[in-house]
Structure formats: structure tokens, C-alpha cells
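The structure appears below as C-alpha cells.
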Amino acid sequence: MSDDIEIVDLVHDLLKADDNLAELVDWKKANGLVSLATSGCSVGLDEEGFNEYTRDKDETVGSVRILIWVKMVDPVTAEAKIRKQAKAARQVLVKNRTLGGAVANSYLNKIFYATADAGKNLILHMADLDFQVKYYSPRTWPETQPIEHINNDIGTEQ
797 MSDDIEIVDL VHDLLKADDN LAELVDWKKA NGLVSLATSG CSVGLDEEGF NEYTRDKDET
857 VGSVRILIWV KMVDPVTAEA KIRKQAKAAR QVLVKNRTLG GAVANSYLNK IFYATADAGK
917 NLILHMADLD FQVKYYSPRT WPETQPIEHI NNDIGTEQ
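Laid out in C-alpha cells, this is it:
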């Protein structure tokens with residue numbers, strides 16, 4: 797797996813398909829994007845780290861940011877709901893730690909909880925999940941023309 801967007805797609809689609817997260821209506825494939833229209837989830841790649849693995853590949857650890865939010869005025873109910881949603885997301889991710897075989901491994905590192913006043917008696921309650929994904933990515937772009945075929949036509953009649 798070397799395509800960041802594909803990782804975001806896999807995590808997004810996996811979470812969106814889970815029945816325990818069906819209350820989340822607004823789903824986005826963008827890092828930290830929150831809409832005030834309804835409850836939702838955004839998934840984006842926050843950062844990547846590379847370690848030399850072989851001559852051709854790097855061991856890559858991508859930090860996928862999953863932001864879940866609900867909007868409610870009652871803080872007690874909302875905080876309980878956002879914790880429930882975050883833990884449901886955690887269970888989905890733990891159960892599917894290789895994302896269907898697309899990555900080597902993954903784990904949920906941390907969940908941060910926050911509350912923000914969005915005005916007009918609207919309070920957003922959020923869970924920010926730090927999901928670490930390990931995969932192997934190519935170190936260089938693939939060759940467009942194999943080296944053994946370069947200059948093969950020099951000295952030949954056409």
C-alpha cells in the first residue's frame with residue numbers, strides 16, 4: 797500500500813459501514829473538517845513517518861486523524877454519546893487492524909475529547925482519534941522504461 801488516499805478511503809468506508817456509527821450523518825474524507833449541519837465524522841491523513849526497510853521500500857507509519865462530532869446542548873448526554881461513538885469506532889478499527897489485508901498493522905493510539913461552543917445554544921462535542929497505520933511504500937517512482945531497453949536502438953538501421 798503506498799497511496800495515502802486509499803488508506804483514508806479504507807478507514808472512512810470501514811467506519812461508515814458499521815451499524816454502531818449509523819447516527820453519524822455527515823461523512824468527509826478530509827483532515828479535521830467539521831460541519832455544523834449535523835453529527836458526523838471526518839477522516840484524513842495527518843502525517844507520515846518513514847524508516848528504511850529494504851532497498852526499494854520504506855516502512856511507513858501514517859497517522860490517520862478521525863474526528864467524530866455531535867451537536868447537542870445538553871453536555872451530559874452529548875459527552876456520553878460522543879464517548880460511545882468513539883469507542884464504537886475503536887472496536888471497528890481493532891477488529892479490522894489490517895484494513896482487509898491492505899496494511900501490515902494498525903492500532904488506535906489515543907482518543908482526545910473536546911467540547912466547543914458553536915454559538916446559538918449549539919455546543920459541539922468531539923472525539924479526535926489518533927489511528928496509526930503501518931504499511932510499506934515504494935521508495936522511488938517506478939521506472940517508466942526498464943534500463944535494459946534504453947539505447948537498444950542505437951546503431952540499428954530503421
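Just so you know, this note's numbering puts the end of the sequence shown at 954, numbered straight through with nothing missing. Every residue, glycine too, gets a C-beta built ideally from N, C-alpha and C.
Range of the contiguous beta strand (DSSP E) that encloses residue i
{"i": "LYS891", "result": "Where LYS891 is concerned, there is no enclosing beta strand (DSSP E), although the alpha helix (DSSP H) it sits in stretches over 871 to 891."}
{"i": "ALA955", "result": "In the structure displayed, the chain extends from 797 to 954; residue 955 sits before or after that span and is not available."}
{"i": "ARG851", "result": "Here ARG851 belongs to no beta strand (DSSP E), and DSSP marks it neither H nor E."}
{"i": "LYS824", "result": "822 to 824"}
Status (buried if at least 16 other CB within 10 Å, exposed otherwise) for residue i
{"i": "PHE908", "result": "exposed"}
{"i": "THR873", "result": "exposed"}
{"i": "VAL807", "result": "buried"}
Residue i vs residue j beta-carbon contact at 7 Å
{"i": "GLN928", "j": "ASN905", "result": "yes"}
{"i": "GLY836", "j": "ASP815", "result": "no"}
{"i": "LEU811", "j": "ALA885", "result": "yes"}
{"i": "ALA910", "j": "ILE878", "result": "no"}
{"i": "PHE846", "j": "THR834", "result": "no"}
{"i": "VAL839", "j": "ILE864", "result": "no"}
{"i": "ALA912", "j": "LEU925", "result": "no"}
Contact set for residue i: own chain, Cβ-Cβ below 8 Å, skip 5 residues either direction
{"i": "LEU918", "result": "LEU832, LYS867, VAL869"}
{"i": "ILE803", "result": "MET797, LEU841, GLY858, VAL860, LEU895, ALA898, VAL899, VAL929, TYR931"}
Close beta carbons around residue i, own chain, < 6 Å, minus the five adjacent residues each side
{"i": "TYR903", "result": "GLN928"}
Contacting residues, own chain, Cβ-Cβ under 7 Å from residue i (five flanking each side not counted)
{"i": "GLU848", "result": "ASP854"}
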